[in-house]
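Residue numbers (my numbering): 10 to 476.
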């Protein structure tokens, strides 16, 4: 019963602290205090709560010990004596600090004293109330006399024990308050030291702009999660810097590609404005050149828009099931019609159903064949073959052209990149074809590979998954 009493007392005692703790935590979350202040406040609050809990548990432990000792040494002896002398027992006022004795029958009607208006109670709430407000401890028990059962309440004066417990609790709290004076500067210094690296990170990130995008966080003084955060941030900045440089290069190259046709068009317009109005030959030459450069610009812009849609993931493929041979035969027929300067060979060994955008696949293959035609001298041969290999249908385009140097092989699929040997005006092009072909192939979960030897030719392979 004593342990149950103390358990209830503990819950009642801790409830205000729990309530205040929740209130402070909510307040700290809402208010814009610094992280160091919040950490320090949290630690100090925990310290205060621990001191209060220690004070309470120490005094509670003392109460448990004293009440159990009092029960074993005094209460049991008093109960036995009362039971033996019942109903003619006499209570001496100064003996064992007994305040009162009440006895009740089986119906809980008062038997002793006869004029007793109190009720029998072994309710823990009543016991706590008496202990707190009256500083008396009520012991409840039952006994048999003759053939009847009786219930008894014995009330003891507990002022001395409670006062001792309060003094012990007060001493613990005073000791805790002294320790708090030492604890406050330590916690404050530790908190600011903990967030020091975060402050440094904040200051460094504030300085990062387009002009110094290569700035990185220093991870030498950081540890654990902060080190991991710094590394993650640096890796993110590496990716952003690489993307930014790629974008800058792309914009620069695109501007360069557009600058030339615009300059040509402007030159012919100025020539027409000066003397081309009356010169038929100059007029026709200017119109043809402007038309050619306009078509060239339109082709470049369409390719740039295609790549931009791919970057924004807004490129739509209209996919369907079809025989791959249907577009390969179309490509064979069209290529033989437009190219009579090379030896052309088409071998389609296998056929297969694929699920793809027919026009886009045709566009990708045409890009490879057009490149082969551009970079292969007259009377050279170009061979296009199709066959099944493992889980893919392979379309291979081989030529005996100028080839690609090894240092350029890894870059030919980059946007607007052209190898040195392909930058002549006669060959033309913008360096976007292979980028578009790669986007299309990867968009169909395929692969594109290249092999090349300078002076001997190149071999491009498009690998598409088939049904």
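The beta carbon of each residue, even a glycine, is placed where N, CA and C say it ideally should be.
- Residue 107 and residue 28 have their C-alpha atoms roughly 39 Å apart.
- Around the C-beta of residue 272, fewer than 16 other C-beta atoms lie within 10 Å, and the residue is accordingly described as exposed.
- Ranking 89, 222, 191, 283 by CA distance to the CA of residue 152 puts 89 first.
- Only buried fits residue 366, as 16 or more other CB atoms lie within 10 angstroms of its CB.
- Taking residue 474 as reference, the option from 464, 324, 452, 465 with the minimal CA-CA separation is 452.
- By a beta-carbon distance limit of 8 Å, residue 49 contacts residue 196. Their separation comes to about 5 Å.
- A direct Cα-to-Cα measurement between residue 246 and residue 226 gives close to 10 Å.
- The Cβ atoms of residue 361 and residue 325 do not sit closer than 7 Å to each other.
- Here residue 469 has 377, 406, 459 as same chain residues with Cβ atoms under 6 Å from its own Cβ, once five neighbours each way along the sequence are excluded.
- CA-CA distance, residue 404 to residue 461, rounds to 16 Å.
- When DSSP states are grouped into helix, strand and coil, residue 454 belongs to the coil group.
- Contact between the segment 76–89 and the segment 161–171 is established, with three or more Cβ pairs separated by less than 8 Å.
- Of the residues assessed, residue 219 falls on the exposed side of the cut-off, its CB having fewer than 16 other CB atoms within 10 angstroms.
- The Cβ atoms of residue 382 and residue 348 lie closer than 7 Å to each other.
- Around the Cβ of residue 264, a 10 Å sphere holds fewer than 16 other Cβ atoms; the residue is exposed.
- Counting the other Cβ atoms within 10 Å of the Cβ of residue 305 gives 16 or more, which makes it buried.
- In this structure, residue 71 lies near residue 177, with their beta-carbon atoms less than 7 Å apart.
- Boundaries cannot be given for residue 142, as no beta strand (DSSP E) includes it and DSSP labels it neither H nor E.
- Excluding its 5 nearest sequence neighbours in each direction, residue 318 has C-beta neighbours in its own chain below 6 Å: 324, listed in chain order.
- Shown here for residue 95: same chain residues with a beta carbon closer than 6 Å to its own, the five before and five after excluded, namely 154 in chain order.
- With a contact defined as Cβ atoms closer than 8 Å, residue 476 and residue 363 qualify at about 7 Å.
- Straight-line spacing of the CA atoms in residue 145 and residue 139 works out to 6 Å.
- Here the alpha carbon of residue 457 sits roughly 11 Å from the alpha carbon of residue 401.
- Looking at 444, 442, 465, the one whose alpha-carbon comes closest to that of residue 414 is 465.
- DSSP places residue 384 in the uninterrupted alpha helix (DSSP H) bounded by 367–384.
- Under DSSP, residue 388 takes part in no beta bridge, so it has no partner.
- Here the alpha carbons of residue 351 and residue 447 stand approximately 25 Å from one another.
- Going by C-alpha positions, residue 236 is about 28 Å away from residue 192.
- The Cβ atoms of residue 421 and residue 443 sit closer than 7 Å to each other.
- Counting C-beta atoms within 10 angstroms of its own C-beta, residue 134 has fewer than 16 neighbours from the protein chains shown and is therefore classed as exposed.
- Collapsing the DSSP output to three states places residue 224 in coil.
- Residue 418 and residue 409 have their C-alpha atoms roughly 17 Å apart.
- Under DSSP, residue 52 forms no beta bridge with any residue.
- In the assembly as shown, residue 194 is an exposed residue. Its beta-carbon has fewer than 16 other beta-carbons within 10 Å.
- In the structure shown, the three-state DSSP call for residue 194 is helix.
- CA-to-CA, the gap between residue 205 and residue 311 works out to about 52 Å.
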